[in-house]
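Enquirer: This note's numbering numbers the first residue of the sequence shown as 15 and each following residue consecutively.
Here it is: the structure, laid out below.
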Amino acid sequence: MNDFQLDERLQQDCIVIGKTASGWLLLMDNALLPWFILVPEVTETEFVDLSPPLRTTLMDEVNAISRMIKGLDGVEKMNIGMIGNVVSQLHIHIIGRHEGDFCWPDVVWGRPEREPYTLQERDILLAQVERILPGLLGYAINR
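Shown next as structure tokens:
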């Protein structure tokens, strides 16, 4: 879709990693948790309104990203959500959690705690994405 634009709030809060078959993979710029966001390149704002093939592709991508996050040190629980109350653009949060993280057992959305990634932390995590999910991204990771 030529006129697709990433929501301004997602642009401000995230690092764009790269393009997937369905849209864009982002990393929330908060090193307190491994928190990825998948944004399909569509105008629909509700998952239920997507075509069946696109829903399948999205869920396959969510599954691959979830498996990668689950393999990271310290991750005990996966949180996956599509809220859309603040940012109406369809997007899927995929977050690795553990007992004792900064807001456990509460939800992460709307929390003020934030610790931006250092360049080194970001590069290490993005290298893991490239190694574990080589077929997910349509082109090189943005660094």
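Beta carbons: idealized from backbone N, C-alpha and C, even for Gly.
Jot down the residue ranges of each uninterrupted alpha helix (DSSP H) in the stretch 44-83, minimum 4 residues, whole runs only, in chain order.
Expert: none
Enquirer: Considering Cα atoms alone, identify which of C117, D21 and I108 is closest to N77.
Expert: Ranked by how close their Cα comes to the Cα of N77, the residues C117, D21 and I108 have I108 in first place.
Enquirer: Nearest to I51 by alpha carbon, out of Q142, G32 and R69?
Expert: G32
Enquirer: For H112, collect the residues of the same chain with a Cβ closer than 8 Å to its Cβ; drop the 5 residues on either side in sequence, then sort them by chain order.
Expert: G88, V89, E90, K91 and W118
Enquirer: Which full runs of the beta strand (DSSP E) of 3+ residues lie inside the stretch 83-149, going along the chain?
Expert: 91-95 and 106-111
Enquirer: Between the beta-carbon of L86 and the beta-carbon of Q142, is there less than 9 Å?
Expert: yes
Enquirer: Looking at the unbroken beta strand (DSSP E) that takes in L39, where does it start and where does it end?
Expert: Segment G37 to M42, the beta strand (DSSP E) holding L39.
Enquirer: Smallest Cα separation from T34: which of G110, V100, V56 and D17?
Expert: V56
Enquirer: Give the range of the alpha helix (DSSP H) segment to which Q19 is assigned.
Expert: Run containing Q19: none; DSSP gives neither H nor E here.
Enquirer: Less than 6 Å between C-beta atoms, sequence neighbours within five positions excluded: which residues of the same chain meet that for L150?
Expert: T34 and A78
Enquirer: On a CA-only basis, which of G95, R136, S36 and V121 is nearest S65? Give me that one, please.
Expert: S36
Enquirer: On a Cα-Cα basis, can you pick out the residue from H105, N99 and A45 that is closest to D137?
Expert: A45
Enquirer: Relative to the C-alpha of Y131, which candidate in D17, E58 and C28 has its C-alpha closest?
Expert: Comparing Cα-Cα distances from Y131 to each of D17, E58 and C28, the minimum goes to C28.
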